[in-house]
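I have placed the structure first, in the form of structure tokens, so that the comments after it can refer back to it.
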Amino acid sequence: QTSTQTTKPDLQNIPYKYKVAVKNRFNALNLIDKEPEELWQEIRDIINDETKRNIPTIQKKKKNNWISSSTLEIAKERREVKSNGNRQAFTKLNAEFQRAARKDKEKQIMQECEKVEKYNRKGMTRDLFKKIKHFRGQFIPKNGILTDSSGKHLTNGHEIKNKWKQYTEELYKKEINGTGDLDLDNYEPEPDILENEVAFAMETLANGKAPGHDGIPIECFKTIKEDTVKVLTELCQQIWKTNKWPQDWKTSIFIPIPKKGNAKDCSNYRTIAVISHASKIMLKIIQRRLEPFLEREMPVTQAGFRKGRGTRDQIA
1376 QTSTQTTKPD
1386 LQNIPYKYKV
1396 AVKNRFNALN
1406 LIDKEPEELW
1416 QEIRDIINDE
1426 TKRNIPTIQK
1436 KKKNNWISSS
1446 TLEIAKERRE
1456 VKSNGNRQAF
1466 TKLNAEFQRA
1476 ARKDKEKQIM
1486 QECEKVEKYN
1496 RKGMTRDLFK
1506 KIKHFRGQFI
1516 PKNGILTDSS
1526 GKHLTNGHEI
1536 KNKWKQYTEE
1546 LYKKEINGTG
1556 DLDLDNYEPE
1566 PDILENEVAF
1576 AMETLANGKA
1586 PGHDGIPIEC
1596 FKTIKEDTVK
1606 VLTELCQQIW
1616 KTNKWPQDWK
1626 TSIFIPIPKK
1636 GNAKDCSNYR
1646 TIAVISHASK
1656 IMLKIIQRRL
1666 EPFLEREMPV
1676 TQAGFRKGRG
1686 TRDQIA
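Numbering (the numbering used here) for the sequence shown: 1376 to 1691.
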């Protein structure tokens, strides 16, 4: 039997002392006239420090524990008779072990099915599909080998990392053509970032999502919403004025998910970018401010990719 253990903060049971500690440290922050990078680093360090100090961790343990102790005893006895060279006894015990293991597996499957039914009855959609995905045990090939543009196999970890870096840079590279000089004399600055904009954007972010490069789950912000809104509003406002984004917000973690085809070719992978939850709040604010202008510029004939309408509306 093999098992692997990883620890993570128990975000379902965030203690009150975490909220008090973060609130006190946020109140002591100097929010005036700070560079976005400096202010963000202070916010990030406070959250990470108090998360490690005050939020208990849980172990995520994976273990093949469906085999019963009685079946393991049969397996132990089978090994002993095999080492003694008793072939007839080994054959008998092997058949007995196979029967017992099948019964244990059937029992485990029934228990898993009962959990799936319980999640379905209670409307626990996330747990339901997580259990189904685990139950299916879909095979995902490992991308241990890639090929470069000349067809050469890359097996070294550093070479593979550089290949993925090169591929993602090419994938998201875009030529930006200037449309002329901006008329700064007639430029009207956008209004300041409001606290209700930050609060609304934070609420739209779903719980249980992977954190970005900063390692901060959205639950750590939401549990102290009032204090978080205050400091993030000031941070977003400084970003809005200076046009400078914190480095953590510009760093993405790319996760390649294989599609059908050659697993050695980067183009046969779907890449998912995991970004900082705090940066998503700023992006949500910008998105909401742009929506009225986009809607105004879209032609009435466009039905797809717009709010409140679909391609079915084009059918007479």
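Note that the Cβ used here is the ideal one computed from N, Cα and C, for glycine as well. All values derive from a computational prediction rather than experimental measurement.
Pick from the options that is closest to residue i, judged by C-alpha positions
i: Lys1427; options: Ala1450, Tyr1542, Lys1508, Leu1386; result: Leu1386
i: Ile1660; options: Pro1390, Asn1402, Asp1567, Ala1585; result: Asp1567
i: Tyr1547; options: Asp1589, Arg1663, Ser1642; result: Ser1642
i: Ile1593; options: Asn1423, Ile1407, Glu1412; result: Asn1423
i: Ala1396; options: Glu1448, Ile1690, Thr1500, Asp1602; result: Asp1602
Range covered by the alpha helix (DSSP H) that runs through residue i
i: Pro1667; result: 1652-1672
i: Tyr1393; result: 1391-1402
i: Phe1680; result: No alpha helix (DSSP H) holds Phe1680; DSSP gives it neither H nor E.
i: Lys1639; result: Note, Lys1639: premise wrong, no alpha helix (DSSP H); not H, not E.
i: Ala1464; result: 1462-1496
For residue i, the three-state DSSP class (helix, strand or coil)
i: Phe1504; result: helix
i: Leu1386; result: coil
i: Ala1648; result: strand
i: Thr1446; result: helix
i: Pro1411; result: helix
i: Ile1520; result: coil
i: Ala1574; result: helix
i: Thr1530; result: coil
i: Ile1630; result: strand
i: Thr1432; result: strand
i: Leu1569; result: coil
i: Thr1426; result: helix
i: Asn1537; result: helix
i: Tyr1562; result: coil
Beta-carbon proximity of residue i to residue j, cut-off 8 Å
i: Ile1433; j: Val1606; result: no
i: Phe1596; j: His1533; result: no
i: Glu1412; j: Pro1586; result: no
i: Trp1441; j: Lys1480; result: yes
i: Trp1415; j: Leu1610; result: yes
i: Lys1394; j: Ile1599; result: yes
i: Thr1626; j: His1588; result: yes
Cutoff 7 Å; reference residue i; Cβ partners in own chain excluding five residues on either side
i: Lys1655; result: Leu1580
i: Ile1535; result: Leu1521, Leu1529
Nonlocal neighbours in the same chain, by C-beta distance under 6 Å from residue i, ignoring five residues either side
i: Thr1377; result: Residue placement at Thr1377 is poorly supported in this model, since its pLDDT is 36, which falls under 50; the coordinates still yield a value, given next. Hits under 6 Å: none found.
i: Gly1583; result: none
i: Ile1630; result: Ile1647
Run of the beta strand (DSSP E) containing residue i, from where it starts to where it stops
i: Ile1341; result: Given a span of 1376 to 1691 for the chain in the structure shown, any question on residue 1341 remains unanswerable.
Chain-order list of residues whose beta-carbon lies under 8 Å from that of residue i (same chain, five-residue window excluded)
i: Ser1444; result: none
Contact test: residue i Cβ vs the ligand NAP heavy atom, cutoff 7 Å
i: Pro1390; result: As far as ligands go, the structure on display features none, and thus does not contain the ligand NAP.
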